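For what it's worth, our numbering labels the leading residue of the sequence shown as 21, then goes sequentially.
Here is the structure we will look at, set down as structure tokens.
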Amino acid sequence: MKTITFDWSACGIPEAQIQTLLKQTEPEFARIQKAATTGYEDARASLNLAQDKIMLHNVRAMVAEKKRLKPNALLHIGIGGSNLGVIAIQEALLGRVLPKGMHILYADTVDSPSTSRIAAALEARLRRGEKIIIHLVSKSGSTTESIANFAFYVRLLKRYDKHYQSSIVITSDDDSKLTEYAHKQGYSCLSIPGKVGGRYSALSPVGLFPLGLLGIRIDELLAGAAHMRNLCLKSLDNPAARSAIFQHAQDMQGKVISDLFLFSSDLESLGKWYRQMLAESIGKEHDTSGKKVNVGITPTVSIGSTDLHSIGQLFLGGPKDEITTFVHVLKQKPAISIPKDTALEQLVPHATGKNMQVIMDAIYGGVMIAFKQHERPYVQVHLPEISAHVLGQFMQWKMIEIMYLGALFNVNPYDQPNVEAYKTETKKILAQG
Numbered sequence: 021m022k023t024i025t026f027d028w029s030a031c032g033i034p035e036a037q038i039q040t041l042l043k044q045t046e047p048e049f050a051r052i053q054k055a056a057t058t059g060y061e062d063a064r065a066s067l068n069l070a071q072d073k074i075m076l077h078n079v080r081a082m083v084a085e086k087k088r089l090k091p092n093a094l095l096h097i098g099i100g101g102s103n104l105g106v107i108a109i110q111e112a113l114l115g116r117v118l119p120k121g122m123h124i125l126y127a128d129t130v131d132s133p134s135t136s137r138i139a140a141a142l143e144a145r146l147r148r149g150e151k152i153i154i155h156l157v158s159k160s161g162s163t164t165e166s167i168a169n170f171a172f173y174v175r176l177l178k179r180y181d182k183h184y185q186s187s188i189v190i191t192s193d194d195d196s197k198l199t200e201y202a203h204k205q206g207y208s209c210l211s212i213p214g215k216v217g218g219r220y221s222a223l224s225p226v227g228l229f230p231l232g233l234l235g236i237r238i239d240e241l242l243a244g245a246a247h248m249r250n251l252c253l254k255s256l257d258n259p260a261a262r263s264a265i266f267q268h269a270q271d272m273q274g275k276v277i278s279d280l281f282l283f284s285s286d287l288e289s290l291g292k293w294y295r296q297m298l299a300e301s302i303g304k305e306h307d308t309s310g311k312k313v314n315v316g317i318t319p320t321v322s323i324g325s326t327d328l329h330s331i332g333q334l335f336l337g338g339p340k341d342e343i344t345t346f347v348h349v350l351k352q353k354p355a356i357s358i359p360k361d362t363a364l365e366q367l368v369p370h371a372t373g374k375n376m377q378v379i380m381d382a383i384y385g386g387v388m389i390a391f392k393q394h395e396r397p398y399v400q401v402h403l404p405e406i407s408a409h410v411l412g413q414f415m416q417w418k419m420i421e422i423m424y425l426g427a428l429f430n431v432n433p434y435d436q437p438n439v440e441a442y443k444t445e446t447k448k449i450l451a452q453g
């Protein structure tokens with residue numbers, strides 16, 4: 021089995037201190053272990069998605085049902101946790117532009133220019149008689165942007181498909197008004213299990229259905245998550261706890277920015293998925309006792325080697341207010357060789373006649389040395405490859421890390437009260453006409 025490996029040697033925290041801090045995470049470790057045995061009744065419910073065979077069976081059945089319609093495209097409607105995980109896995113495994121097979125489009129915000137472009141692309145397919153699946157995701161069932169987009173695109177679908185109901189799948193809480201509405205309309209429904217929060221839902225039907233429709237091995241995705249889950253449940257000293265300690269301890273020393281530096285362009289959206297996880301889970305006005313604390317870590321996303329030419333100078337020469345988690349892919353596919361060119365060798369010695377991975381690895385190695393020389397704390401995460409199994413490991417690791425961070429900061433990492441504030445005010449404004 022190919023597994024993620026970690027290097028904590030340059031994290032800037034002595035090993036003896038890490039061991040002391042690990043003891044402070046014992047209460048949360050116990051809570052996580054307990055939650056792993058209680059299904060979907062605990063706020064840490066996302067721990068149990070990887071083990072849920074019934075959920076996987078239901079998703080596979082829905083994928084098979086919709087594939088029988090022979091669709092050519094999928095429109096995924098959702099915002100925040102309802103689409104970031106889907107985009108992350110799709111782009112990591114299939115790339116941003118799908119050269120063949122099922123085409124996928126995402127409708128998140130209510131932006132007229134992008135909406136008109138998506139509508140034009142879908143209408144062109146509908147005019148050719150192609151079948152389109154619409155997947156609407158809203159855990160609460162009342163997300164303004166998602167419901168508005170759904171109304172717009174369903175109207176378009178109705179014009180061309182008299183059996184349009186069979187092309188619509190709704191994923192929400194079982195008891196949401198959206199699910200009730202969907203049943204009345206004759207739409208297919210999938211359920212977000214129990215207390216699985218939106219940003220923790222990538223490995224639920226929220227992500228599994230569209231990814232399965234795209235042909236991605238969702239069983240492998242869950243198997244990878246299960247592997248990391250078991251690793252983190254096995255010992256107090258585990259990758260999720262260590263990563264949380266690294267970020268919290270450095271934050272206490274004034275390093276309030278956490279950069280996820282991914283050395284693969286295909287992983288950029290994975291970084292954006294984690295950006296939401298960290299920002300929305302830990303950035304809180306009040307702690308669990310109600311005391312006003314205004315805590316949080318500012319997450320940023322960088323791509324190697326591209327962003328070395330934009331923010332590399334800041335990271336090495338600027339204020340020492342950030343930490344970095346480097347993500348390095350050990351085996352990229354396909355292997356591409358650079359032809360040997362004597363003339364070009366005069367410009368950049370040793371740059372031709374090599375495999376691209378060799379060049380990227382050299383750049384990565386140079387960055388590690390430079391960061392160490394400039395005393396910039398970092399952690400290395402080595403992905404053996406980019407596969408569904410490895411992505412499942414990565415996402416489960418990060419979700420459990422956030423659980424530990426919530427405990428270390430003494431905040432609730434499962435709610436987003438300040439986001440709800442803007443949603444409430446938005447609905448008041450809309451009600452005024």
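Cβ atoms here follow ideal geometry from the backbone N, Cα and C, with glycine treated the same way.
Model, not experiment: these values are computed from the prediction.
Measure the CB-CB distance between T205 and P397 and report whether it falls below 8 Å.
As a position in the sequence shown, residue 205 is number 185, starting the count at 1. As a position in the sequence shown, residue 397 is number 377, starting the count at 1. Looking at the sequence shown, residue 205 is not Thr but Gln. Not closer than 8 Å, so no.
Any idea what DSSP makes of E31, helix, strand or coil?
Taking the sequence shown and counting its residues from 1, one reaches residue 31 at position 11. Here residue 31 is Cys; the residue named in the question, Glu, does not match the sequence. DSSP places C31 in coil when its eight states are reduced to three.
With DSSP as the reference, label S134 as helix, strand or coil.
Residue 134 sits at position 114 when you count from the first residue of the sequence shown. Reduced to three states, the DSSP call for S134 is helix.
Taking Cβ positions, are V349 and F281 nearer each other than 8 Å?
By one-based count along the sequence shown, residue 349 stands at place 329. By one-based count along the sequence shown, residue 281 stands at place 261. No; because the gap between Cβ atoms is not below 8 Å, this pair is not in contact.
Looking at C-alpha atoms only, which residue of R175, S330 and R249 is the closest neighbour of G412?
Working through the sequence shown from its first residue, we reach residue 412 at position 392. Among R175, S330 and R249, the Cα nearest to that of G412 belongs to R249.
Three-state secondary structure assigned by DSSP to N92:
As a position in the sequence shown, residue 92 is number 72, starting the count at 1. Coil.
Between A168, I153, A261 and R51, which lies nearest to L450 when the distance is taken from Cα to Cα?
Counting from 1 along the sequence shown, the entry for residue 450 is found at position 430. If we check each option's Cα against that of L450, A168 comes out closest.
contact_flag[the region 182 to 196, the region 80 to 94] where n(CB pairs < 8 Å) is 3 or more:
yes
From what residue to what residue does the beta strand (DSSP E) around Y398 run?
Numbered from its first residue, the sequence shown carries residue 398 at position 378. Segment Y398 to L403, the beta strand (DSSP E) holding Y398.
Using a 10 Å radius around the Cβ and a threshold of 16 neighbouring Cβ atoms, would you call R137 buried or exposed?
Start at 1 with the first residue of the sequence shown, and residue 137 comes out as number 117. Burial call: exposed.
Run through the DSSP bridge pairs and tell me what L156 is partnered with.
Within the sequence shown, numbered from 1, the residue matching residue 156 stands at position 136. In DSSP, L156 forms a bridge with I97 and I190.
Measuring alpha carbon to alpha carbon, tell me which of Q352, G426 and Y434 ends up nearest E405.
What you label residue 405 is simply residue 385 of the sequence shown in a count that begins at 1. Among Q352, G426 and Y434, the Cα nearest to that of E405 is on Q352.
Below 8 Å between beta carbons: does that hold for F335 and T344?
One-based indexing of the sequence shown puts residue 335 at position 315. One-based indexing of the sequence shown puts residue 344 at position 324. Closer than 8 Å, so yes.
Which of the three DSSP states, helix, strand or coil, is assigned to E305?
Here residue 305 is taken as the residue at index 285 of the sequence shown, counted from 1. Of the three classes helix, strand and coil, the one that applies to E305 here is strand, per DSSP.
Alpha-carbon to alpha-carbon, D286 and V130
Within the sequence shown, numbered from 1, the residue matching residue 130 stands at position 110. Within the sequence shown, numbered from 1, the residue matching residue 286 stands at position 266. So the alpha carbons of these two residues sit roughly 26 Å apart.
With S211 as the anchor, note down where its beta strand (DSSP E) starts and where it stops.
Along the sequence shown, one-based indexing puts residue 211 at 191. Where S211 is concerned, the enclosing beta strand (DSSP E) stretches over S208 to S211.
Given this structure, state the Cα-to-Cα distance separating V276 from F170, to the nearest angstrom.
Within the sequence shown, residue 276 is the residue found at index 256, counting from 1. Within the sequence shown, residue 170 is the residue found at index 150, counting from 1. Distance between the alpha carbons of V276 and F170 is about 38 Å.
Could you tell me the distance, in whole angstroms, from the CA atom of K447 to the CA atom of T164?
Within the sequence shown, residue 447 is the residue found at index 427, counting from 1. Within the sequence shown, residue 164 is the residue found at index 144, counting from 1. So the alpha carbons of these two residues sit roughly 8 Å apart.
Considering only residues of the same chain and omitting the five flanking positions on each side of L42, which have a CB-CB separation below 8 Å?
Here residue 42 refers to the residue found at position 22 when the sequence shown is read from its first residue. Excluding sequence neighbours, L42 sits near L256, D257, A261, R262 and I265.
What's the gap between the Cα of L198 and the Cα of V174?
If you number the sequence shown from 1, residue 198 lands on position 178. If you number the sequence shown from 1, residue 174 lands on position 154. If you take the alpha carbons of L198 and V174, they lie about 15 Å apart.
Classification of R116 by the beta-carbon crowding that lies within 10 angstroms, buried from 16 upward
In the sequence shown, counting from the first residue as 1, residue 116 sits at position 96. Exposed, because fewer than 16 other Cβ atoms sit within 10 Å of the Cβ of R116.
Would you kindly work out how many angstroms separate the C-alpha atoms of G310 and K304, rounded to a whole number?
Within the sequence shown, residue 310 is the residue found at index 290, counting from 1. Within the sequence shown, residue 304 is the residue found at index 284, counting from 1. Looking at the two C-alpha atoms, the distance is approximately 11 Å.
Using alpha carbons as the reference points, say which of D181, I154 and F172 lies closest to T191.
As a first step, residue 191 is located in the sequence shown; it is residue number 171 there, counting from the start. Answer by Cα proximity: I154.
Beta-carbon proximity list for S357, same chain, < 6 Å, skipping 5 on both sides
By one-based count along the sequence shown, residue 357 stands at place 337. The residues are N375.
Who are H123's beta bridge partners in DSSP?
Taking the sequence shown and counting its residues from 1, one reaches residue 123 at position 103. H123 pairs with A93.
What are the boundary residues of the beta strand (DSSP E) that F283 is part of?
In the sequence shown, residue 283 corresponds to position 263, counting from 1. Going by DSSP, F283 is part of no beta strand (DSSP E) at all; its letter is neither H nor E.
Reduced DSSP secondary structure (H/G/I, E/B, other) of H77:
On the sequence shown, residue 77 is found 57 positions in, with the first residue counted as 1. Here H77 sits in helix by DSSP.
When the Cα atoms are used, what is the spatial distance from C31 to V399?
Numbered from 1 along the sequence shown, position 11 holds the residue referred to as residue 31. Numbered from 1 along the sequence shown, position 379 holds the residue referred to as residue 399. When rounded, the distance between both Cα atoms is 5 Å.
With burial defined as no fewer than 16 other Cβ atoms inside 10 Å of the residue's Cβ, what is the status of A408: buried or exposed?
Position 388 of the sequence shown holds residue 408. Buried: at least 16 other Cβ atoms inside 10 Å.
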